[in-house]
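Heads up: the sequence shown runs through residues 1 to 322, numbered per UniProt numbering.
Worksheet: one structure, shown below.
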Amino acid sequence: MTTPRTPLVPSHHRRVVALGGGHGLAASLTALRLLTDDLTAVVTVADDGGSSGRLREEFAVLPPGDLRMALSALCDDSEWGHTWRDVLQHRFDGDGDLKGHALGNLMIVSIWDLLGDTVRGLDLVGRLLGARGRVLPMAAEPLEIVAEIHGHDPERPDATVEVRGQHRVASSAGVVSSIGIVPTCPQPCHEALTAVREADWVMLGPGSWFTSVMPHLLVPDLADALVSTPARRLLNLNLEVHKGETRDFRAEDHLASLAANAPDLRLDVVLADPSVVPDGASLRAVAAELGAELVVAPVAARGAPGVHDPLRLAAALRDVIA
């Protein structure tokens, strides 16, 4: 049976949910906030490095870093909003215990401790920023990335080994052959599930493919919501599809990886910058297998490889969403 599609409504009233983490999600939110008044970010909670990893381990909380970045990307375009964004993003120097901590990470964990409610705490920080949208975690408990990586161990370059932890997976020089999460069935964030189910558009990517994008599809309740939602689904491909965690990948390999890990998920649109589409016919055919139309549009910043231009991305998304 064909899933009913959401009726078209004026773009600024569209309910849009963007899923991801880190700089990729921040780029999406910076563009999307120009297009809609109803925007929700659903953010990965698997980070275990740096300030987030230290706070996660010490206080048994969700890693706050990617949540902080998403909130900062949604700050109000005013002196108030920009000032509080800069406060949240401020990172301590020095040689003491605070070295490397982002002030926003400490603030978020403090508010969680006071309120005893992760979502209420994020909403409160959003109010402080005048955020143009809402930020939610993709699960209600912290996750651990578990990957099978070929060539991770330099002493056994031909072996495939299990690597645990987002930081170790993301920094590995090997090739990821499979990805998973622990726990395998985490507690869901019900507000995130509701946002996905009630959305007009759901957007995946860009971002670190195996540690920011794919984990959303490994949370069973969230994956079910993404499959069953009447929303249109858009995948925004990375600008450097062949680097980092997806070394030597083509754009087609990203779509194949998506199909392998979420075989029931259908897409409506695959958005790609011309720089990652050397063979339009090939990518268009693979996208069609997922039910998607390929849209090729310039979204990269001029003179800054691998960086999205917020206005160009917003223009491309406007044409799709409208």
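Glycine included, C-beta positions come from ideal geometry on N, C-alpha and C.
Query                                                                                                                                                                                 : Result
Can you tell which of L124, G96, D95 and H242 has the C-alpha that lies nearest to the C-alpha of V104?                                                                               : Before going on, a small fix: residue 104 reads as Gly here, not Val. Checking every option, the nearest Cα to that of G104 belongs to L124.
On the premise that T44 lies in contact with M107, defined as a C-beta separation below 8 Å, what is that separation, rounded to the nearest angstrom?                                : No, M107 and T44 are not in contact; Cβ-Cβ is about 20 Å, not under 8 Å.
Taking all protein chains shown into account, do 16 or more other C-beta atoms lie within 10 angstroms of the C-beta of residue 327, making it buried, or fewer, making it exposed?   : Limits of the chain in this structure are 1 at one end and 322 at the other, which puts residue 327 out of reach.
If we require 3 or more residues per run, which beta strand (DSSP E) segments fall completely within the region 220 to 273?                                                           : 232 to 236 and 269 to 272
Determine the closest residue to residue 390 out of H242, L193, D273 and W201, with distance taken between C-alpha atoms.                                                             : Only positions 1 to 322 of the chain appear in this structure, which leaves residue 390 out of reach.
Suppose the cutoff is 8 Å on Cβ atoms and the five residues either side in sequence are ignored; what does the same chain contact list for L128 look like?                            : W84
Would you decide whether R134 is buried or exposed? Buried here means 16 or more other CB atoms lie within 10 Å of its CB.                                                            : buried
Rounded to whole angstroms, how far is the Cβ of V109 from the Cβ of L136, which I believe are closer than 8 Å?                                                                       : Contact doesn't hold; Cβ gap of about 17 Å is too wide.
Quick one, are the C-beta atoms of G165 and P157 less than 8 Å apart?                                                                                                                 : no
Run the CB neighbour count on H308, radius 10 Å, all protein chains shown included, and call it buried at 16 or more, exposed below.                                                  : buried
Nearest to L255 by alpha carbon, out of V196, M214, E198 and S171?                                                                                                                    : M214
Mapping the DSSP letters down to three states, classify E155 as helix, strand or coil.                                                                                                : coil
For M69, name the three-state secondary structure that DSSP assigns.                                                                                                                  : helix
Rounded C-beta distance between A297 and L283? I'm assuming under 8 Å.                                                                                                                : About 13 Å separates the two Cβ atoms, so there is no contact after all.
Can you have a look at C189 and say buried or exposed, based on whether 16 or more other CB atoms are within 10 angstroms of its CB?                                                  : buried
CB L267 to CB L294, shorter than 8 Å?                                                                                                                                                 : no
In the structure shown, what three-state DSSP assignment does R131 receive?                                                                                                           : The sequence shown places Ala at residue 131, rather than the Arg named in the question. Reduced to three states, the DSSP call for A131 is coil.
Output the distance between the C-alpha atoms of V276 and D113, rounded to the nearest integer angstrom.                                                                              : 44 Å
Where does the unbroken beta strand (DSSP E) through S52 begin, and where does it stop?                                                                                               : Looking at the DSSP string, S52 is not in any beta strand (DSSP E); the run it does join, the alpha helix (DSSP H), is G50 to F59.
May I ask you to report which of helix, strand or coil DSSP gives L88?                                                                                                                : helix
Give every residue of the same chain whose Cβ lies closer than 6 Å to the Cβ of V169, excluding the five residues on either side of it in the sequence, and list them in chain order. : I145, A147, V163 and T211
Would you mind sorting P154 into buried or exposed? The rule is 16 or more other CB atoms within 10 Å of its CB.                                                                      : exposed
For G21 versus D76, is the C-beta spacing smaller than 8 Å?                                                                                                                           : no
Between the Cα of R233 and those of A199, T160 and A304, spot the shortest distance and give me the residue it belongs to.                                                            : A199
In three-state terms, what does DSSP make of G20?                                                                                                                                     : strand
So V16 and L39 are supposed to be a Cβ contact under 8 Å. How far apart are they, rounded?                                                                                            : 5 Å
Do L29 and A46 have their CB atoms nearer than 8 Å?                                                                                                                                   : no
Looking at the secondary structure, which residues open and close the alpha helix (DSSP H) in which M203 lies?                                                                        : First-last for M203: W201 to L204, but that is the beta strand (DSSP E), not the alpha helix (DSSP H).
Just to confirm, are V196 and A225 a CB contact at a threshold of 8 Å?                                                                                                                : yes
Identify the continuous alpha helix (DSSP H) that holds D113 and give its terminal residues.                                                                                          : L103 to L115
In or out: L290 buried (at least 16 other Cβ within 10 Å) or exposed?                                                                                                                 : buried
Which same chain residues, not among the five before or five after A159, have their C-beta less than 7 Å away from its C-beta?                                                        : D153
On the DSSP bridge assignment, give the partners of V39 in chain order.                                                                                                               : Per the sequence shown, the amino acid found at residue 39 is Leu instead of Val. V16, per the DSSP bridge assignment.
Taking the alpha-carbon positions, what's the L237 to H13 distance?                                                                                                                   : 25 Å
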